[in-house]
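A.B. asks:
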Amino acid sequence: MTGAPLGRPVRTPRLPLPASGRLLRLEVRRNAMLWMVPVAAALFWLITYRRSMALPPLWNVRTMSMQTGAVSVFAATVVGVAAWTGSREGRHAMTDLLAGTARPRWIRQLAAWSATTCWALPAYLGCVGVLYAATAWQAAWGDPLWWPAAVGAASVPAFSAIGFTAGVLRPSRFTAPLVAVIAFLALQFSVQMIHGGRSPWQISPLVAGPWQLGPDAGVATFYPYLPDLPLAQVSFLAGLTAALLGCLGLPAGSGGSWLRRSAAAITAAGLLSSGAAVALAGTGRLDTHGMIAIPTLHDVASDRPIPYTPVCSQTTIPVCLHPAYAIYLPAVTAALEPLLSEVAGLPGAPVRISQTSAAYRQQAGNGVGIGLTGPLIIGTPPVFQLLLPNQLGGPTMTADEVAAAVRSQTRRDILAGIIGGERAASPAQQAVLAAMLDIATAPDTPIRAKAVRFAALSTAARHAWLVKHLPALRTGRLTLAQLP
Amino acid sequence: MNVEITDLTRRFGRTQAVAGVTMQIGPGVFGLLGPNGAGKTSLLRMLGTVIPPSSGRIRLLGHDLGGYGQRRLVRRRLGYLPQALGYYPGFTVVEFVEYFALLKEVPAEQVPRAVATAVERVGLGDKARARLRTLSGGMLRRVGIAQAIVNEPELLLLDEPTAGLDPEQRVTFRALLRDLGQRATVIVSTHLVEDVGAACTQVALMDAGRIVFHGTPDELTARAEGTAAAGDAPLERGYSAVLAEARS
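Which chain is which? The protein sequence lines are A and B, in order. All residue numbers for the first sequence refer to my numbering, where the first residue is 113 and numbers rise by one. All residue numbers for the second sequence refer to my numbering, where the first residue is 313 and numbers rise by one.
#1: Over what stretch of residues does the alpha helix (DSSP H) that includes A:Leu299 continue unbroken?
#2: Taking B:Gln336 as the reference, which of B:Ser560, B:Ala516 and B:Arg323 has the closest Cα?
#3: For A:Ala116, which three-state DSSP category applies?
#4: Spatial neighbours of A:His434 within its chain, please: CB distance less than 7 Å, with the 5 preceding and 5 following residues excluded, ordered by chain position.
#5: Given a cut-off of 8 Å on the beta-carbon distance, is the pair A:Ala584 and A:Leu590 in contact?
#6: With 9 Å as the C-beta to C-beta threshold (strictly closer), list the residues of the segment 492–505 of chain B near chain D in chain order.
#7: Which residues, taken in chain order from the segment 191–209 of chain A, show a beta carbon closer than 7 Å to some beta carbon of chain B?
#8: Cβ of A:Leu384 within 7 Å of any heavy atom in the ligand FAD?
#9: Listed in chain order, which residues of the segment 347–370 of chain A have Cβ atoms closer than 9 Å to some Cβ of chain B?
#10: Only counting the same chain, and skipping five residues up and downstream in sequence, which positions put a Cβ closer than 7 Å to that of B:Pro318?
#11: So is A:Pro130 in contact with chain B if we call contact Cβ pairs under 8 Å?
#12: Going by beta carbon distance, what residues of the same chain come within less than 7 Å of B:Ala442, once the five residues before and after it are set aside?
#13: How would you label A:Thr114, buried or exposed, when you count the other beta carbons within 10 angstroms and need 16 or more for buried?
#14: I need the straight-line Cα distance from A:Met178 to A:Ala261, nearest angstrom please.
#15: Any residues in the segment 215–232 of chain A with a beta carbon nearer than 7 Å to a beta carbon of chain B? Which ones, in chain order?
#16: Leaving out the 5 sequence neighbours to the left and right, which residues in its chain are closer than 6 Å to A:Ala227 when beta-carbon positions are compared?
#17: Considering Cα atoms alone, identify which of A:Ser311, A:Pro322 and A:Leu549 is closest to A:Gly402.
#18: Determine, for A:Thr287, whether the minimum Cβ-Cβ distance to residues of chain B falls below 8 Å.
#19: With respect to the beta strand (DSSP E) encompassing B:Asp471, which residues constitute its N-terminal and C-terminal limits?
#20: Do you know offhand how far A:Gly181's Cα is from A:Ile159's?
#21: At the level of alpha carbons, what is the spacing between A:Cys359 and A:Ala350?
#22: Answer with yes or no whether the minimum CB distance from B:Ala396 to chain A is below 8 Å.
#23: What does A:Gly212 reach in chain B if we use C-beta pairs closer than 7 Å?
#24: Can you check which of these residues, B:Gln328, B:Met313 and B:Leu344, is closest to B:Met469 by C-alpha distance?
#25: How about B:Ala458 and B:Val409: are their beta carbons less than 8 Å apart?
#26: Considering only residues of the segment 475–506 of chain B, which uninterrupted alpha helix (DSSP H) runs meet the minimum length of 4 residues and lie entirely inside it, listed in chain order?
#27: Distance cutoff 8 Å, beta carbons only. Does A:Arg373 sit that close to anything in chain B?
#28: Please list, in chain order, the chain B residues whose beta carbon lies closer than 9 Å to that of A:Leu138.
#29: Between A:Ala116 and chain B, is there a C-beta pair that is closer than 8 Å?
#30: Where A:Gln503 and A:Asn172 are concerned, what is the direct C-alpha to C-alpha distance, given to the nearest angstrom?
#31: Give me whichever residues DSSP pairs with B:Glu316 in a beta bridge.
#32: Quick check on the DSSP output: what are the complete alpha helix (DSSP H) runs of length 4 or more inside the segment 358–424 of chain A, in order along the chain?
#33: I think A:Val263 touches A:Gly192, with their Cβ atoms under 8 Å apart; what is that distance to the nearest whole Å?
#34: Tell me the start and end of each unbroken beta strand (DSSP E) in the segment 515–554 of chain B that is at least 3 residues and wholly inside, in chain order.
#35: Rounded to whole angstroms, what is the Cα-Cα separation between A:Thr207 and A:Met509?
#36: Assign B:Ile363 to one of three DSSP states: helix, strand, or coil.
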């Protein structure tokens, strides 16, 4: 109280900010989220980025995996920091001091919440941006899928609002860690409650598609990524944010009557939006292309296939894949090429192996059936419809794993489509299949013996024999004894 | 009159903290004395618009405090330092005072100057960029005073403002009080009667929620004459005499 000069003069900003801008700037400068950004980024790298980058460079699997991982990481972090910020007035015994200030309490609280969100949202977007950039660098085809990123982005303010509200209502030093743990567990619990495509629990921001499938390489490639569920999720999260923040403005003392009426309107709109979104999620269904379709939000234009030019191998019978799966072409071609050169020119042999989209069917509970809608070989000239093994759900596969699965299953399907016996093969068909696919049969049986003899023939001899006897072999009229 | 209180009461459950206080206070420094639990802090909290009264009427700076709009008008012209000063440890001195300037709706273009002036007036210019967590108790008290005066209040409520200040700082603070009292109504709640003697033009003594004395410091001193009231200073003896009389 000596009137000593300030250590450094107070800087005047070049562009004078309005009071609300100055308040926000002050809050942003001192917000705890600033210190948690490196932690959130590290967790994102550890949990989300590494896992996503281990997946094939397909936009669908990478972004859907990213949504689930990023929401888990950022929800727990942001909710904790927001609760810490929300509880600070109570923790620091500031309530009396602040109660006597003119600016409405609600505005003060919104500034603090905004500051937390202002740090968390760019942090999230930065992390997602890195993952998208890496995927764009590696992906062979397609545009980024933005909806998974949008749902994650909408989760950040929502979880910030949840934490902040909890902190305001229960101002304790234990609130932040407690709320972070509860939020994390609640998210995990929410997805455990999903049973089929009609579950309202799909509104959980962890869900990027049919939850039972997980990140699936078969969706959103041949057909667009359906925005139905993400729209409902964003609507739910925006409504939740509005409702929670609006609630803070309802108590007497939060502001004037106009402000409190606005808060009530925001709360009501938020509740309406989030309630409607949950109800809409409950009307979803697994569509035939593997996404959740919500009739009210569905745009039929999304059901049209995305045009593409397949990438094909230079083999006798070309193997053609969707360009998104171009990385698998060498492995798949190598797995099929010996068989394809042997069957090329046989009556009924396909002129092309062409990858097609899988069809999805909701089964009882969380079961999903994935397969072809029609026969394996269609059209004239015949084309073999190929489903890559990683289109069939389950864990993602490396190129070698895909090749191994193609070698064991697709080769058999192709050959069985030519010589017959897809369902119940005759002994002669079994012997030819075993010989040409080099698969084991029961030892010391006539089929085994014939298979060994047939396999011992030269490729040209086998081809010539097949040209001559294929009609009889296909109809099952050929006996084992008639095999060479 | 900047402060007009009529039959003001405040209850906390079964406890009556303030029991029918009626007072009018004009510009100048007003000392509020009383023992622990007398109701001084409750009275100041009501005047600071922190808590509403249970009954009675408060009129501050020409406004009744019934509606939110009226309270907001008063709060723009009000400074309040609570007994237990809370603070955000991560804020610097300047940031903390700026925060309150903004919350008191000081016009944005005036904020930097107002903050600098308030910080200088409490003698924390050389600590302006220091984080609050690094300051001593006395310095924090001065930060509290700075936030209270940043909006050039017309009504300043200070609850135990000199607690934690060293003697030199207290002397300087009293000078600041006298200066502030030139233009504003300053109500100082304190246990330290020497603060009242040195800085206050008017004084009231509270006991058990009631005003048992209202007058000048000299009149309070005079109440000890002819009694055997305890105290080391004349004002202390007056304080003791009035309390003894009120309780008899």
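C-beta: ideal position from N, C-alpha, C; glycine also.
C.D. replies: With the given structure in hand:
#1: Thr287 to Gln304
#2: B:Ala516
#3: Legend: pLDDT at A:Ala116 = 41, less than 50; position of this residue unreliable, value from coordinates given subsequently. Residue state, collapsed to three classes: coil.
#4: Thr333, Phe334, Tyr420, Pro422 and Gln467
#5: Yes, the Cβ-Cβ distance between A:Ala584 and A:Leu590 is below 8 Å.
#6: Of the chains in the structure shown, none is chain D; the protein chains are A and B.
#7: So the list reads Arg200, His204, Ala205, Met206, Asp208 and Leu209, given in the order they occur along the chain.
#8: For the structure depicted, the ligand FAD is absent and the ligand set is empty, with no information on it obtainable.
#9: Ala364, Gly365, Gly367, Gly368 and Ser369
#10: Strictly speaking, residue 318 of chain B in this sequence is Thr, with Pro absent from that position. Excluding sequence neighbours, B:Thr318 sits near Thr334, Gly368 and Arg369.
#11: yes
#12: Thr404 and Val405
#13: Its pLDDT being 48, under 50, A:Thr114 is placed unreliably by the model, and the measurement read from it follows with that caveat. The residue is exposed, with fewer than 16 neighbouring Cβ atoms inside 10 Å.
#14: 8 Å
#15: Arg215 and Arg220
#16: So the qualifying residues of the chain are Glu139, Val140 and Asn143.
#17: A:Pro322
#18: no
#19: Leu467 to Asp471
#20: So the alpha carbons of these two residues sit roughly 7 Å apart.
#21: 14 Å
#22: yes
#23: Going along chain B in sequence order, the residues near A:Gly212 (Cβ under 7 Å) are Gly360, Thr361, Val362, Arg387, Leu390 and Tyr392.
#24: Just to set this straight, residue 469 of chain B is Leu in the shown sequence, not Met. Nearest of B:Gln328, B:Met313 and B:Leu344 to B:Leu469, Cα basis: B:Leu344.
#25: yes
#26: 479–493
#27: no
#28: Phe403, Glu407, Glu410, Tyr411 and Leu414
#29: Residue confidence is low: A:Ala116 scores 41 on pLDDT, short of 50, so the model does not pin down where it sits. No coordinate-derived value is stated.
#30: 11 Å
#31: B:Gln336 and B:Arg371
#32: 369–393
#33: Not really, about 21 Å apart at Cβ, beyond 8 Å.
#34: 522–527
#35: 57 Å
#36: coil
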